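Asker:
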Amino acid sequence: MGYYILVGILALAAGVALGFFIARKYMMSYLKKNPPINEQMLKMMMMQMGMKPSQKKINQMMQAMNKQQSK
Numbered sequence: 001m002g003y004y005i006l007v008g009i010l011a012l013a014a015g016v017a018l019g020f021f022i023a024r025k026y027m028m029s030y031l032k033k034n035p036p037i038n039e040q041m042l043k044m045m046m047m048q049m050g051m052k053p054s055q056k057k058i059n060q061m062m063q064a065m066n067k068q069q070s071k
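Sequence positions in the sequence shown follow this note's numbering and run 1 to 71.
#1: Taking CB distances under 9 angstroms as the criterion, tell me whether ARG24 reaches chain C.
#2: Closest by CA to LYS43, which one among LYS32, LEU31, ASN59?
#3: Rounded to a whole number of angstroms, what is the C-alpha to C-alpha distance between GLY8 and MET27?
#4: Leaving out five residues before and five after ILE22 in sequence, what residues of the same chain have Cβ atoms less than 6 angstroms from its Cβ?
#5: Judging by CA-CA distance, which residue of LYS32, LYS57, LYS56, MET51 is the nearest neighbour of GLN69?
#6: How many angstroms separate the CA atom of ASN34 from the CA atom of MET46?
#7: Considering Cα atoms alone, identify which of LYS52, GLN48, GLU39, MET51 is closest to ALA64.
Shown next as structure tokens:
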């Protein structure tokens with residue numbers, strides 16, 4: 001009787017751990033394919049903050065964000 005409970009608990013723990021790692025891998029690949037902020041969104045944010053966005057500044061910010069995301 002105690003053996004079945006132990007096996008059930010171990011199977012549950014293994015399922016939770018496996019599910020966590022599968023979900024984590026899926027989300028990381030999804031975010032890599034679909035970054036949350038693109039150049040257009042960044043330009044709109046800068047304009048809302050009262051800045052005049054130049055293409056050079058947008059490119060610098062995108063590179064910095066991509067570098068931060070890859071760490």
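Built from N, CA and C at the ideal position, the CB exists for glycine as well.
In this text the structure is predicted, and so the values were computed from the model without any measurement.
Answerer: The structure says:
#1: Among the chains of the structure shown, chain C does not appear; only one protein chain is present.
#2: ASN59
#3: 28 angstroms
#4: none
#5: LYS32
#6: 21 angstroms
#7: GLU39
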